[in-house]
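Residue numbers for the sequence shown, in the working numbering: -13 to 358.
The beta-carbon is built from N, C-alpha and C at its ideal position, and this holds for glycine as well.
So the structure is just underneath, and the comments pick up after that.
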Amino acid sequence: MKEFLPFTRPSIDEETIAAVAAVFRSGQIASGPRVLEFESALARHLGGGRAVRALTSATEGLEIALLACGIGAGDEVIVPAMSFAASANVVVRTGAKPVFVDVELASRNLDVALVERALTGRTRAIMPVHFSGLAADMDALLAIAGRRGLRVVEDAAHAIGTRHRGRAIGAFGDVAVFSFHPNKNMTTIEGGAIATADAAVVELVERHRFHGIRRDADGEIDVVVAGAKSNLSDVAAAVGIGQLRRLEGFNARRRALAARYFERLAGYDRIALPERGDDGHSWHMFTVLIDFAKRGTTRAAFQKAMAARGIGIGVHYPCIPGLSYYRTLGYRAEDYPNAARIGRETVTLPLFPAMRDEDVERVVAALRDELG
C-alpha cells in the first residue's frame, strides 16, 4: 500500500532544526532574542509599518485583540456562522455576544451584504475570517466599520501570505491575528501573532500576554490589567524564523497544487468546488462540498473509505450556531443556510507543500471512484 497521505503536514528543514538546537544550547529558551527577531522579521514581511507581537496561539491572540480594543460585557461582535469554533468562543470569553452572519457558499467568507443588516447599537467590532487563505472583502468591511465607528479584528489564522488587491493581509486595516499551528501555511509548532499600527493596542497586547505587567525605568513592576500568560518561547520563534524564510515558496506550491485540483476536477458534478480567487489566495486548505445524502452515503463513511485508500480527509468546519454550546444560547444552524450546508457537506482534501503532482492525481482518482 502507498504511504498514507494526510490532509496536511508541516515542512521543517534541517537548518531550522539546527536553529532550534542552538536555542536549547544557549540556555535562553523562553521569550528572548529569537522572539524579538521573529517579530521584526514578520513585521518586515507584512510591511505597512505594522507592529507585530507573537503569542502562544491565534486563539489567545484573538481574545487579547478584542480585549485590547475594549470589547467586553454588553458588546456585540459580528462573526461568520461558519468558521472554527474559536472565532466565536473568544467573543464569549470577553463577555461580549457573537452575532453570527451567514457566509457566501463558494468563498466561505462573510456575506458583506448581510453584515450591515446585523449591526445594532451594541455592535462594537466585526471579525472577518479569511477562510482557507482567501481574503474577505476588506475594502467593504472597513468602509462599513468606518461609517459606524467599529473595530475590525481580522481572524487571519488561515491567511499568512494572503494578499488583498495587492496588499498583504495584516499590512493594512485595524488589527489582524495570525495562526502558526502545525497545520497552517507556516508554523511555530503552536503560536500566533497580532499585527496592528495602533500603538494603544500594542501596549495592551504586551500587558495582556504577560500577566498585565508593566515595568518602570528602574525595572520595578506594576500590574495594570488582569493579564494572561501567552508569550511565545524562543524555541518556537526559531521555528517561525525558518518557516517565514520559506513561506513564499510554500504558498507558491500550494497555489500550484490547488490549480491542479481545479484542472482535474473541472466539470465533475459530484462536488462543489471552492472559489478560486486570484494569485493573492494562499490556499491554506482545499475544501469541497459533497451532498452525501444524494450520494447515498455519509461523510464519516466517505472519510473511512478514503482512509482505506491511504488518503486523509479533514472536515473544515461545522456551522458554529449548530454546535451544542451555541444551541444552548439560542442559536440555530438553520438560520444560516449556507453555513449549515457547508457544515453538512464540507470535506478537506490533502494540500501541503511537500505533496507531489501525482498525489493530486491519486486523491482525485480515489474521490471519483468513491463518488462515481
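For THR42: DSSP bridge partner residues: DSSP lists no partner for THR42.
Selection from ALA27, ASP97, ASP125, ARG103 that minimises the alpha carbon distance to HIS150: ASP125
C-beta contact flag for VAL85 and LEU96 at 8 Å: no
Cβ-Cβ distance between PRO339 and VAL349 below 8 Å: no
Inter-residue spacing [alpha-carbon to alpha-carbon] between ASN217 and VAL65: 26 Å
Inter-residue Cα distance where the pair is GLN289 and PHE70: 20 Å
N- and C-terminal bounds of the beta strand (DSSP E) containing ALA59: Careful: ALA59 lies outside any beta strand (DSSP E) and carries neither H nor E.
Ordered list of beta strand (DSSP E) runs contained in the region 201 to 235, each at least 3 residues: 207 to 209
Counterpart residues of LYS(-12) in DSSP-defined beta bridges: Paired residues: none, contrary to the question.
With 16 other Cβ atoms within 10 Å as the buried cut-off, status of SER26: exposed
Contacts around ILE328, its chain only, beta-carbon distance under 6 Å, and the 5 residues preceding and following it disregarded: MET68
Check whether LEU41 and ILE180 have beta carbons under 8 Å apart: yes
Nearest residue (CA-CA) to LEU22, options ARG39, ILE15, SER73: ARG39
Contact under 8 Å by Cβ, ASP277 with LEU(-9): no
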